[in-house]
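Novice: One structure follows; several queries about it will come next.
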Amino acid sequence: MVSAADAGDAAALLTDVPAEHRVALVDPRFVGHLHALRLGLTDPRFPAATVPGALTAQPQARPALVRALERTTAAVGAGAPAVDPGTGPAPGDRTVPGRIAVELEAEGVAVQRPALGSLVAAVPTDRDQEAAAVAGLVAVDDEEVRLRNAVKSRDGFFTTFCISPYSRYIARWCARRGLTPNQVTTASLITALIAAGSAATGTRGGYIAAGILLLVSFVLDCTDGQLARYSLQYSTMGAWLDATFDRAKEYAYYAGLAIGAARGGDDVWVLALGAMVLQACRHIVDFSFNEANHDSVANTSPTAALSDALDNVGWTVWVRRIIVLPIGERWAMIAVLTALTTPRTVFYALLIGCALAATYTLVGRLLRSVTRKARRTERAARALADLADSGPLAQAVASLVHGPKRALTAPAAALIGTLVMVGAALFLPYGSWLTVVAAAVYVVLSGFAVARPLRRALDWLVPPFFRAAEYVTILVLAARSDVPHAVPAAFGLVSAVAYHHYDTVYRIRGGTGAPPRWLVRTIGGHEGRTALVAVLAASLTHTSGFTTALTALAVAVALVVLVESIRFWVSSSAPAVHDEGELA
36 MVSAADAGDA AALLTDVPAE HRVALVDPRF VGHLHALRLG LTDPRFPAAT
86 VPGALTAQPQ ARPALVRALE RTTAAVGAGA PAVDPGTGPA PGDRTVPGRI
136 AVELEAEGVA VQRPALGSLV AAVPTDRDQE AAAVAGLVAV DDEEVRLRNA
186 VKSRDGFFTT FCISPYSRYI ARWCARRGLT PNQVTTASLI TALIAAGSAA
236 TGTRGGYIAA GILLLVSFVL DCTDGQLARY SLQYSTMGAW LDATFDRAKE
286 YAYYAGLAIG AARGGDDVWV LALGAMVLQA CRHIVDFSFN EANHDSVANT
336 SPTAALSDAL DNVGWTVWVR RIIVLPIGER WAMIAVLTAL TTPRTVFYAL
386 LIGCALAATY TLVGRLLRSV TRKARRTERA ARALADLADS GPLAQAVASL
436 VHGPKRALTA PAAALIGTLV MVGAALFLPY GSWLTVVAAA VYVVLSGFAV
486 ARPLRRALDW LVPPFFRAAE YVTILVLAAR SDVPHAVPAA FGLVSAVAYH
536 HYDTVYRIRG GTGAPPRWLV RTIGGHEGRT ALVAVLAASL THTSGFTTAL
586 TALAVAVALV VLVESIRFWV SSSAPAVHDE GELA
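In the working numbering, each residue's number is its place in the sequence shown (first place is 1) plus 35.
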């Protein structure tokens with residue numbers, strides 16, 4: 036830490052700091068809580084941030100910072116105001132850091148201003164202001180605020196009342212011993228994998244241990260995010276690990292339950308795959324709807340207004356959060372039922388609960404879509420196109436047709452294609468080449484659905500229809516094949532494809548767009564993979580070759596998407612995903 040005599044001296048001193056380092060400007064008169072400074076100066080997610088009397092800049096914002104300091108020095112030297120009075124900071128932030136923050140914003144640098152709440156951050160200019168600031172420091176325990184803010188502001192009932200009251204203290208314990216959120220995330224994954232292994236034993240003792248370990252894994256899963264917020268240790272790698280490990284843990288546990296049931300003579304692989312498909316389809320409904328309305332203009336939905344009104348009635352908030360069966364409630368239910376019942380009962384409860392939750396959320400989103408008047412942007416249309424995951428076959432069809440003109444044409448085409456494909460897989464004789472014909476129809480309708488930008492009110496339904504068509508077709512054809520181990524192989528294939536789709540979501544949320552087109556072309560797109568599985572089922576009827584082919588396809592897809600995903604998320608171009616994701 037060095038002291039600068041004025042803005043010009045500060046600009047000169049900055050040139051001596053290596054370009055790859057973060058820098059901060061703090062007014063020497065600053066009075067405030069330590070955690071207020073942490074929030075303003077140490078959060079790694081933003082290029083620049085400020086609190087009253089302090090400013091920080093990441094390497095990418097440092098050139099603009101130096102220019103702002105030089106402009107301020109020149110203006111003051113010429114007797115002019117450093118900042119245009121019409122656009123300058125509020126009178127309470129007339130310090131050099133406050134003025135420089137406005138200069139940075141004028142240059143197009145996004146400056147984060149964290150909400151401090153009861154925390155004090157001030158630059159007193161007289162004794163009365165200094166006394167008031169000191170009194171505020173004494174009145175508020177910033178460690179208590181720090182612990183409280185470590186918990187997500189919007190969480191599920193089970194997490195809020197059964198986990199967070201003590202997991203925040205575990206997070207603090209981890210922070211004081213130098214543990215990182217990524218280490219806790221990894222510990223959560225390892226614990227869940229051990230739980231899956233315990234469930235795979237097929238014994239009552241194994242099931243009880245699995246249930247307990249699954250709850251421990253969830254406590255650690257909450258702790259990693261609370262540790263990140265408590266110590267402001269956000270990272271790109273952490274965002275990726277947290278986004279993908281939850282799915283890996285849940286799917287591994289489903290597989291463990293299915294293996295354990297098989298050891299006891301009960302084949303529940305179809306139920307396990309069905310639960311995974313239903314959960315993945317639920318998520319794509321949420322993701323697609325949110326991306327379609329991420330930056331919509333003129334949102335006037337009566338349904339949204341009703342939801343906002345209900346938020347003022349406390350008990351309805353918790354009821355609605357429980358109904359959607361978020362990860363906390365879901366894992367608690369799975370853990371308790373694993374310990375007390377059988378894997379088949381676990382999957383029945385999971386399927387029923389997720390189906391009711393999916394119905395509730397889908398109806399709410401449909402009502403919001405048909406009652407709102409909003410113009411969706413190019414970004415939303417691009418995000419929906421990326422979520423659709425259309426491969427070369429659908430893109431070729433789309434280039435040959437004019438595309439839909441009416442509001443329901445795109446989702447209607449996707450729905451009809453889905454019904455044709457799933458209906459053929461369900462009701463045509465297994466192994467019939469008519470199923471391949473149905474797949475060809477699905478390819479054509481898939482291309483028709485994405486031939487025009489997805490900007491209409493219900494176009495967000497297109498990606499969920501495509502997910503349902505692909506996942507359910509793989510499930511049904513594997514289940515009807517009567518080939519040993521076909522359904523476990525299909526479970527692996529859907530897991531690999533689902534990873535690709537979740538990876539796409541988090542790249543879009545990070546603002547970098549979907550995976551590269553070559554990746555989508557290489558793994559065929561949703562329509563290509565669906566058609567390929569239909570061809571395999573018809574050509575390898577009732578032979579072990581079908582299981583081998585599904586396994587090979589699963590391995591190939593997993594290798595391609597994992598290698599590209601890992602390369603992207605550890606690269607310097609990867610985004611820092613700030614959102615809170617699913618209710619934890």
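Backbone N, C-alpha and C fix where the C-beta goes; we use that ideal spot for every residue, glycine too.
Taking the alpha-carbon positions, what's the Ala40 to Ala109 distance?
Specialist: Start at 1 with the first residue of the sequence shown, and residue 40 comes out as number 5. Start at 1 with the first residue of the sequence shown, and residue 109 comes out as number 74. Taking the straight line joining both Cα atoms gives about 15 Å.
Novice: Between which residues of its own chain and Val37 is the CB-CB distance below 7 Å, once the five residues before and five after are set aside?
Specialist: Counted from its first residue, the sequence shown places residue 37 at position 2. Contacts found: Leu48.
Novice: Since Ala83 and Ala96 are thought to touch, with beta carbons under 8 Å apart, how far apart are those beta carbons, to the nearest angstrom?
Specialist: Within the sequence shown, the letter at position 48 stands for residue 83. Within the sequence shown, the letter at position 61 stands for residue 96. Yes, they are in contact, since the Cβ atoms of Ala83 and Ala96 sit about 4 Å apart, within 8 Å.
Novice: Out of curiosity, what's the CA-to-CA distance linking Arg379 and Arg282?
Specialist: Taking the first residue of the sequence shown as position 1, residue 379 is located at position 344. Taking the first residue of the sequence shown as position 1, residue 282 is located at position 247. Roughly 21 Å separates the two Cα atoms.
Novice: What are the start and end residues of each continuous alpha helix (DSSP H) run of 4 or more residues lying completely inside the region 182-218, in chain order?
Specialist: 199-211, all fully within the region 182-218.
Novice: Would Leu248 and Ile229 qualify as a contact pair, given that the criterion is a beta-carbon distance under 7 Å?
Specialist: Here residue 248 refers to the residue found at position 213 when the sequence shown is read from its first residue. Here residue 229 refers to the residue found at position 194 when the sequence shown is read from its first residue. It is a contact, given that the beta carbons lie within the stated cut-off.
Novice: Kindly identify the DSSP beta-bridge partner or partners of Thr85.
Specialist: Translated into the one-based positions of the sequence shown, residue 85 becomes position 50. Looking at the DSSP assignment, Thr85 forms a beta bridge with Leu90.
Novice: Hey, out of Leu597, Gly300, Val555, whose CA is closest to Thr238's CA?
Specialist: Residue numbering aside, residue 238 sits at position 203 when the sequence shown is read from its first letter. The residue with the shortest Cα to Cα distance from Thr238 is Gly300.
Novice: Is the Cβ-Cβ distance between Ala626 and Ala473 less than 7 Å?
Specialist: Given a span of 36 to 619 for the chain in the structure shown, any question on residue 626 remains unanswerable.
Novice: Residues in its own chain within less than 7 Å of Ile601 by CB, not counting five upstream and five downstream?
Specialist: As a working note, residue 601 is residue 566 in the sequence shown. Counting only Cβ-Cβ distances below 7 Å, and skipping sequence neighbours, we find nothing.
Novice: Looking only at DSSP bridge pairs, what is Gln147 linked to?
Specialist: Against the sequence shown, residue 147 aligns to sequence position 112. For Gln147, which the question treats as bridged, DSSP gives the partners Ala84.
Novice: With Leu627 as the anchor, note down where its beta strand (DSSP E) starts and where it stops.
Specialist: Absent from the structure is residue 627, since the part of the chain shown begins at 36 and ends at 619.
Novice: Can you look up Leu545 in the DSSP assignment and give me helix, strand or coil?
Specialist: For the purposes of this step, residue 545 is identified with residue 510 of the sequence shown, where counting begins at 1. The sequence shown places Gly at residue 545, not Leu. Reduced to three states, the DSSP call for Gly545 is coil.
Novice: Straight-line CA distance for Ala460 to Gly75?
Specialist: For this step, residue 460 is matched to residue 425 along the sequence shown. For this step, residue 75 is matched to residue 40 along the sequence shown. Each residue's Cα considered, the two are about 56 Å apart.
Novice: Between which two residues does the alpha helix (DSSP H) harbouring Asp494 extend?
Specialist: Against the sequence shown, residue 494 aligns to sequence position 459. Segment: none, Asp494 is in no alpha helix (DSSP H) and carries neither H nor E.
Novice: Just to confirm the assignment, what range does the alpha helix (DSSP H) spanning Phe324 have?
Specialist: In the sequence shown, counting from the first residue as 1, residue 324 sits at position 289. Note, Phe324: alpha helix (DSSP H), 304-327.
Novice: Would you mind reading off the limits of the alpha helix (DSSP H) that contains Pro53?
Specialist: As a first step, residue 53 must be located in the sequence shown, where it is residue number 18. Here Pro53 belongs to no alpha helix (DSSP H), and DSSP marks it neither H nor E.
Novice: I believe Val497 touches Ala484 by the beta-carbon criterion, under 8 Å. Please report the beta-carbon distance rounded to the nearest angstrom.
Specialist: Locating residue 497 in the sequence shown gives position 462, where the first residue counts as 1. Locating residue 484 in the sequence shown gives position 449, where the first residue counts as 1. 5 Å between Cβ atoms; contact.
Novice: Going by the CB atoms, is the gap between Asp424 and His318 shorter than 7 Å?
Specialist: Along the sequence shown, read from residue 1 onward, the residue named residue 318 stands at position 283. Along the sequence shown, read from residue 1 onward, the residue named residue 424 stands at position 389. Cβ distance not < 7 Å, so His318 and Asp424 don't count as in contact.
Novice: In the region 391-472, which residue ranges form an unbroken alpha helix (DSSP H) of at least 4 residues, counting only runs that do not cross its ends?
Specialist: You should have 413-423, 427-435, 444-462.
Novice: Expressed to the nearest angstrom, what Euclidean distance is found between the alpha-carbon atoms of Ala115 and Glu55?
Specialist: What you label residue 115 is simply residue 80 of the sequence shown in a count that begins at 1. What you label residue 55 is simply residue 20 of the sequence shown in a count that begins at 1. For Ala115, the pLDDT reaches just 40, beneath the cut-off of 50, and the residue's location in the model is therefore unreliable, although a value from the coordinates is still provided. So the alpha carbons of these two residues sit roughly 33 Å apart.
Novice: Determine the DSSP secondary structure at Gly152, reduced to helix, strand or coil.
Specialist: Within the sequence shown, numbered from 1, the residue matching residue 152 stands at position 117. Note: Gly152 maps to coil in three-state DSSP.
Novice: Does the Cβ of Phe65 have 16 or more other Cβ atoms within 10 Å, making it buried, or fewer, making it exposed?
Specialist: Position 30 of the sequence shown holds residue 65. So Phe65 ends up on the buried side.
Novice: Cβ of Ser202 within 7 Å of Cβ of Cys257?
Specialist: As a working mapping, residue 202 is identified with position 167 in the sequence shown. As a working mapping, residue 257 is identified with position 222 in the sequence shown. Result yes, Cβ atoms of Ser202 and Cys257 sit closer than 7 Å.
Novice: Within the continuous alpha helix (DSSP H) that includes Thr557, where are the two ends?
Specialist: Taking the sequence shown and counting its residues from 1, the one referred to as residue 557 is at position 522. Start and end: 552-557.
Novice: As a quick exercise: from Gly171, Ala245, Leu276, pick the residue whose alpha carbon is nearest that of Ala374.
Specialist: Reading the sequence shown from its first residue, position 339 is the one you call residue 374. With distances taken between Cα atoms, Ala374 lies closest to Ala245.
Novice: Can you tell me where the alpha helix (DSSP H) holding His561 begins and where it ends?
Specialist: Here residue 561 refers to the residue found at position 526 of the sequence shown. Segment 560-574, the alpha helix (DSSP H) holding His561.
Novice: How close, in whole Å, do the beta carbons of Val595 and Leu554 come, if the pair is a contact with beta carbons under 8 Å?
Specialist: In the sequence shown, counting from the first residue as 1, residue 595 sits at position 560. In the sequence shown, counting from the first residue as 1, residue 554 sits at position 519. Confirmed, Cβ separation roughly 7 Å.
Novice: Closest to Val320 by CA distance: which of Val398, Gln147, Ala89 is it?
Specialist: Reading the sequence shown from its first residue, position 285 is the one you call residue 320. Closest option to Val320, Cα to Cα, is Val398.
Novice: Quick check on the DSSP output: the alpha helix (DSSP H) that includes Met368 runs from which residue to which?
Specialist: By one-based count along the sequence shown, residue 368 stands at place 333. First-last of the alpha helix (DSSP H) with Met368: 362-375.
Novice: Counting only the same chain and skipping the five closest in sequence on each side, list residues whose C-beta sits under 6 Å from that of Leu90.
Specialist: Your numbering for residue 90 matches position 55 in the sequence shown. Leu60, Pro132, Ile135, Ala136, listed in sequence order.
Novice: Between the Cα of Val254 and the Cα atoms of Ile225, Thr271, Leu372, which residue gives the shortest distance?
Specialist: Looking up residue 254 in the sequence shown gives position 219. Answer by Cα proximity: Ile225.
Novice: Determine, for Arg564, whether the minimum Cβ-Cβ distance to residues of chain B falls below 7 Å.
Specialist: Looking for chain B here will not work: only one protein chain is present.
Novice: If contact is defined by three or more beta carbon pairs under 8 Å, each pair taking one atom from either stretch, is the region 404-413 in contact with the region 486-502?
Specialist: The answer is yes - the region 404-413 touches the region 486-502, with three or more Cβ pairs under 8 Å.
Novice: Tell me, to the nearest whole angstrom, how far the beta carbon of Ala514 is from that of Thr565; I am working on the premise that it is less than 8 Å.
Specialist: On the sequence shown, residue 514 is found 479 positions in, with the first residue counted as 1. On the sequence shown, residue 565 is found 530 positions in, with the first residue counted as 1. Wrong, their Cβ atoms sit about 16 Å apart, outside the cutoff.
Novice: Please say whether Val219 and Leu262 have beta carbons closer to each other than 7 Å?
Specialist: Translated into positions along the sequence shown, residue 262 becomes position 227. Translated into positions along the sequence shown, residue 219 becomes position 184. Yes.
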